[in-house]
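Before any comments, here is the structure.
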């Protein structure tokens with residue numbers, strides 16, 4: 002089985018990135034970095050809720066992020082962060098694009114020795130999480146562009162087609178909400194733990210992380226409001242169009258009713274029916290039916306029913 006442990010190093014800082022770690026891989030990392038057995042056990046499978054715990058030599062953080070526009074098994078991805086003084090371990094169960102891109106930048110900067118990371122792993126975590134939140138903001142911007150396109154199509158008469166499109170975006174925004182709804186309390190707790198672990202000077206960076214979360218959350222709320230307004234508008238236009246169709250069908254039925262009644266009367270098998278035996282009886286009856294239909298049409302038109 003191919004090992005899914007990626008190791009990056011810059012001066013005395015080490016980043017270990019693990020994807021779906023096995024027992025052997027977790028044991029190896031646990032021994033190398035003195036990871037508590039409770040944490041090591043949690044790394045073997047995804048967790049249901051985010052949290053932050055402070056151990057003697059590291060901070061353990063679990064966060065979930067939405068994954069809606071990529072081929073993932075779930076629409077939520079978990080990342081476990083173990084943040085020590087000189088090391089950071091990330092554990093994930095699928096490919097997380099922002100972390101993957103960050104690893105490429107980090108690797109290049111390490112080789113060129115142009116990175117300005119800082120003197121402990123807390124700074125490395127700061128740049129990582131900021132990259133992830135930046136990626137989420139871009140995802141929401143893409144959704145915003147889709148909503149703009151849907152708005153244009155709604156007012157071009159494509160209300161029916163937009164019902165499914167709006168439902169898909171609602172599902173995506175719901176995935177964002179579910180993944181991010183518990184980030185705020187966890188990040189606030191993280192700020193307290195990091196201040197104790199890395200010192201008071203690092204508080205500025207944890208506050209900045211919370212600020213990045215607020216940017217994403219505000220963008221999410223904006224997109225939810227726009228979606229809600231568009232769904233109301235689309236439903237109203239679609240209902241109006243359906244009402245017009247029903248109105249036309251009802252009016253057509255009323256227009257045909259008198260003519261149908263006349264045809265039924267003259268089709269009765271009864272003696273003494275007028276006009277039937279007249280040489281031009283068919284045309285007289287047909288003309289009468291058309292005259293009644295046209296009269297009914299003009300009455301409906303004048304009253305605004307058509």
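In the numbering used here, the protein residues as written are 2 to 307. Glycine residues also receive a C-beta, built at the ideal position from the N, C-alpha and C atoms. For clarity, every value in this text was computed on a predicted model and none was experimentally measured.
Does residue i pass the burial test, meaning 16 or more other C-beta atoms within 10 Å, or should it be called exposed?
i: residue 120; result: exposed
i: residue 129; result: buried
i: residue 308; result: Outside the modelled stretch of the chain, which goes from 2 to 307, sits residue 308, for which no answer is possible.
i: residue 193; result: exposed
i: residue 2; result: Low local confidence applies: a pLDDT of 43 at residue 2 is under 50, so the model's placement there is unreliable, with the coordinate-based value given in what follows. It is exposed - the Cβ of residue 2 has fewer than 16 other Cβ atoms within 10 Å.
i: residue 315; result: Here the chain has residues from 2 to 307 only, and residue 315 is not among them.
i: residue 265; result: exposed
i: residue 280; result: exposed
i: residue 103; result: buried
i: residue 245; result: exposed
i: residue 66; result: buried
i: residue 140; result: buried
i: residue 251; result: exposed
i: residue 96; result: exposed
Give the DSSP-derived three-state secondary structure of residue i in the structure shown.
i: residue 5; result: coil
i: residue 285; result: helix
i: residue 48; result: coil
i: residue 36; result: coil
i: residue 204; result: helix
i: residue 182; result: coil
i: residue 156; result: coil
i: residue 102; result: helix
i: residue 121; result: coil
i: residue 87; result: coil
i: residue 268; result: coil
i: residue 97; result: coil
i: residue 259; result: helix
Tell me, please, which residues DSSP counts as bridged to residue i.
i: residue 53; result: 62
i: residue 67; result: 77
i: residue 14; result: 11
i: residue 92; result: 19 and 81
Round the Cβ separation of residue i and residue j to the nearest angstrom and send it over; I've been treating them as touching at under 8 Å.
i: residue 14; j: residue 87; result: 6 Å
i: residue 22; j: residue 44; result: 6 Å
i: residue 151; j: residue 166; result: 5 Å
i: residue 211; j: residue 181; result: Their Cβ separation, rounded to whole angstroms, is 13 Å, which puts residue 211 and residue 181 out of contact at 8 Å.
i: residue 214; j: residue 134; result: 6 Å
i: residue 183; j: residue 51; result: 5 Å
i: residue 224; j: residue 145; result: 6 Å
i: residue 17; j: residue 90; result: 5 Å
Just checking residue i against the ligand COA - is the residue's beta carbon closer than 7 Å to any of the ligand's heavy atoms?
i: residue 61; result: With respect to small molecules bound, the structure shown includes none, and the ligand COA cannot be examined in it.
Three or more C-beta pairs closer than 8 Å, one from the segment 54 to 69 and one from the segment 80 to 99: is that the case here? In short, these stretches touch, since the Cβ pair count reaches three.
Three or more C-beta pairs closer than 8 Å, one from the segment 226 to 241 and one from the segment 156 to 171: is that the case here? At 8 Å Cβ cutoff, the stretches touch.
Validate contact between the segment 175 to 189 and the segment 242 to 259 using beta carbons, cut 8 Å, 3 pairs: Short answer: they don't touch.
Kindly confirm or deny that the segment 20 to 39 and the segment 125 to 139 touch, where touching means at least three C-beta pairs closer than 8 Å. Contact between the segment 20 to 39 and the segment 125 to 139 is absent, because fewer than three Cβ pairs lie under 8 Å.
Would you call the segment 94 to 109 and the segment 31 to 45 touching, i.e. three or more CB-CB distances under 8 Å? Flag = no, the segment 94 to 109 and the segment 31 to 45 do not touch.
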